[in-house]
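Engineer: Just so we're aligned, residue 86 is where the sequence shown starts under our numbering, counting upward by one. Beta carbons: idealized from backbone N, C-alpha and C, even for Gly. Since the structure is predicted, the reported quantities are computational estimates derived from the model, not experimental observations.
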Amino acid sequence: MFPFGLLSIYLVSTLVCLVILYVWKYRRYYYLAFQIPGPSILRMLHILFVCIIIEKLEVVHKILAKLIHEERSSSPCMIKFWYGTKLMIFLLEPNLIRKVYQTHLRKDPLSYSLTNPILNGPSIFQNNDIPTWKAHRKIISHASFSMTALKVHVKIFHEEAQILATKLGLKAVNGHPVEPEKMMGLSSLSMVVRAVTGLDFKIQQNFHDQHPFLSAGTYGLEMVGTRIANPWLLIPAIFNLSGYKKREEAACKQVRVFAEEIIGKIKAKVSEQMKNFLEDSKTNNFLCNYIEVSIRDQLNPTIPRRHVMTHDELVSEIIAILAAGMDTTKSTNTIILIMLALH
Numbered sequence: 086m087f088p089f090g091l092l093s094i095y096l097v098s099t100l101v102c103l104v105i106l107y108v109w110k111y112r113r114y115y116y117l118a119f120q121i122p123g124p125s126i127l128r129m130l131h132i133l134f135v136c137i138i139i140e141k142l143e144v145v146h147k148i149l150a151k152l153i154h155e156e157r158s159s160s161p162c163m164i165k166f167w168y169g170t171k172l173m174i175f176l177l178e179p180n181l182i183r184k185v186y187q188t189h190l191r192k193d194p195l196s197y198s199l200t201n202p203i204l205n206g207p208s209i210f211q212n213n214d215i216p217t218w219k220a221h222r223k224i225i226s227h228a229s230f231s232m233t234a235l236k237v238h239v240k241i242f243h244e245e246a247q248i249l250a251t252k253l254g255l256k257a258v259n260g261h262p263v264e265p266e267k268m269m270g271l272s273s274l275s276m277v278v279r280a281v282t283g284l285d286f287k288i289q290q291n292f293h294d295q296h297p298f299l300s301a302g303t304y305g306l307e308m309v310g311t312r313i314a315n316p317w318l319l320i321p322a323i324f325n326l327s328g329y330k331k332r333e334e335a336a337c338k339q340v341r342v343f344a345e346e347i348i349g350k351i352k353a354k355v356s357e358q359m360k361n362f363l364e365d366s367k368t369n370n371f372l373c374n375y376i377e378v379s380i381r382d383q384l385n386p387t388i389p390r391r392h393v394m395t396h397d398e399l400v401s402e403i404i405a406i407l408a409a410g411m412d413t414t415k416s417t418n419t420i421i422l423i424m425l426a427l428h
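(1) Cα separation between Lys-184 and Phe-175?
(2) Short of 6 Å in beta carbon distance, which residues of its chain neighbour Asp-294, apart from the five on each side in sequence? Order them along the chain.
(3) Using a Cβ-Cβ cutoff of less than 7 Å, which residues in the same chain neighbour Thr-282 once the five nearest sequence positions on both sides are dropped?
(4) Taking the DSSP output, what are the residues bridged to Met-268?
(5) Can you check whether the C-beta of Gly-123 is within less than 8 Å of a C-beta belonging to chain B?
(6) Can you tell me whether Leu-199 is helix, strand or coil according to DSSP?
(7) Note down the Cα distance separating Lys-94 from Ala-118, rounded to an integer number of angstroms.
(8) Is the Cβ-Cβ distance between Ala-280 and Ile-241 less than 8 Å?
(9) With 16 other CB atoms within 10 Å as the buried threshold, where does Gly-254 fall?
(10) Starting from Met-411, trace the alpha helix (DSSP H) both ways and give me its first and last residue.
(11) DSSP beta-bridge partners for Leu-172?
(12) What residues in its chain sit with their C-beta under 6 Å from that of Ser-366, if we drop five residues either side in the sequence?
(13) Quick check on the burial criterion: 16 or more other C-beta atoms within 10 angstroms. Buried or exposed for Ala-150?
(14) How would you write the range of the alpha helix (DSSP H) that Arg-312 sits in, first residue to last?
(15) Does Ile-148 pass the burial test, meaning 16 or more other C-beta atoms within 10 Å, or should it be called exposed?
(16) Nearest by alpha-carbon distance to Pro-124: which of Val-101, Ile-105, Ile-164 and Glu-333 is it?
(17) Have a look at Pro-265, Glu-244 and Pro-122 and flag the residue whose alpha-carbon is nearest the alpha-carbon of Ser-159.
(18) Report the residue from Met-269, Trp-109, Tyr-111 and Pro-262 whose alpha carbon sits nearest the alpha carbon of Thr-417.
(19) Alpha carbons only, please: which of His-296, Val-108 and His-221 is nearest the one belonging to Val-400?
(20) Return the CA-CA distance between Val-108 and Ser-272, expressed in angstroms with no decimal places.
(21) Whether or not the region 231-239 and the region 330-343 are in contact is what I'm after, with contact meaning three or more pairs of Cβ atoms, one per stretch, closer than 8 Å; do they touch?
(22) When you compare each of Tyr-111, Thr-99, Lys-171 and Ile-406 to Ile-313 by their alpha carbons, which one comes out closest?
(23) Put Val-237 into one of helix, strand or coil per three-state DSSP.
(24) In the DSSP assignment, find the unbroken alpha helix (DSSP H) run with Asn-325 in it and report its ends.
(25) Can you give me the C-alpha to C-alpha distance between Phe-286 and Leu-204, rounded to a whole angstrom?
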């Protein structure tokens, strides 16, 4: 009978040899990685172990906040984290981010591919082709962040804030505490949709607790975290067999339906305006957001196709911009509400 102890020695020796060979093969990768500022693997494992034991969100939040504060104090430009054998670098300096984006757009295929399903393809945040990325960025920034557009945004935010204040006032009339999170989500989404698309879906008036785009987008982001926290779900065969896959597909369809609805309304509006343009040249003053610009370019056969967003690219850009804008707007609105409550 083969001794179990000897078998264990063989297995451990084989594993150690494989690790040594792997590290030696990628020795330059690890050598350069350890030159980058950031917590060591041992410290990250220690923090992970502590977080698993504690399991209290407020304590875990303080531990992570302390870690980030210490790392940013020692290195204000970038922070590194290890995800198994994967090195993840987070750039914190805007000028550095701009330089990297303009010279090298190759992003980690594993991390960014997880968001591809919910965004319905690579958006401006993930596109690795520099000419395409620059063209899309130019369209979005020039059409959506002009001074004229920003003035309109202020009016939109004020109108939506008044609706939110009225709804919160009705909830708080009896003096009991109010949970504003769902109403904040609806108001923030309405602000971003109106500012980005120029369309008013009356989201705060027509929806009470949740909007389909919000619920689907939230699930999509939760799925990214779930797959990162459970590495076996990164294997396509296992993920496809799990129940997560069907729910993710349903969420992806839901966010796409909303983006398609936006495109349909704006396309009808642009088509009507282009007809009227032949009768009155003054109607050329309606360029106010990048979606209209992109659709107008699609309808113009004289523009080279390589400079025009395809339909699928536009869908992905809309979802990405709405998700990113929704996140920052909701955070800002929540902070303002807390400050008003404390005041």
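Structural biologist: On the basis of the coordinates in this document:
(1) Near 14 Å, if we compare the C-alpha coordinates of Phe-175 and Lys-184.
(2) When the five nearest sequence neighbours on each side are left out, the beta carbons in the same chain lying within less than 6 Å of the beta carbon of Asp-294 are those of Lys-267, in order along the chain.
(3) Same-chain partners within the cutoff: Ile-347, Ile-351, Asn-374 and Ile-376.
(4) Answer is none; Met-268 lacks a bridge partner.
(5) Absent from the structure: chain B. Only one protein chain is present.
(6) DSSP places Leu-199 in coil when its eight states are reduced to three.
(7) Residue identity differs from the one stated: residue 94 is Ile in this sequence, not Lys. So the alpha carbons of these two residues sit roughly 32 Å apart.
(8) For Ala-280 and Ile-241, yes; Cβs fall inside 8 Å.
(9) Counting of Cβ neighbours within 10 angstroms places Gly-254 among the exposed residues, the total staying below 16.
(10) Run containing Met-411: 396-427, per the alpha helix (DSSP H) assignment.
(11) Trp-167.
(12) Model confidence at Ser-366 stands at a pLDDT of 48, short of 50, so the residue's coordinates are unreliable and nothing is read from them.
(13) Residue environment for Ala-150: exposed (fewer than 16 other C-beta atoms within 10 angstroms of its C-beta).
(14) Per DSSP, Arg-312 belongs to the alpha helix (DSSP H) from 297-314.
(15) Ile-148 is exposed by the Cβ-count criterion.
(16) Out of Val-101, Ile-105, Ile-164 and Glu-333, Ile-164 has the C-alpha closest to the C-alpha of Pro-124.
(17) Comparing Cα positions, the closest option is Pro-122.
(18) Answer by Cα proximity: Met-269.
(19) Of the candidates His-296, Val-108 and His-221, the one whose C-alpha sits nearest the C-alpha of Val-400 is His-221.
(20) Distance between the alpha carbons of Val-108 and Ser-272: 51 Å.
(21) At 8 Å Cβ cutoff, the stretches do not touch.
(22) Looking from the CA of Ile-313, the closest CA among Tyr-111, Thr-99, Lys-171 and Ile-406 belongs to Lys-171.
(23) In the structure shown, Val-237 sits in a helix (DSSP, three-state: H, G or I).
(24) If you look at Asn-325, you'll find it in the alpha helix (DSSP H) that goes 321-326.
(25) Going by C-alpha positions, Phe-286 is about 21 Å away from Leu-204.
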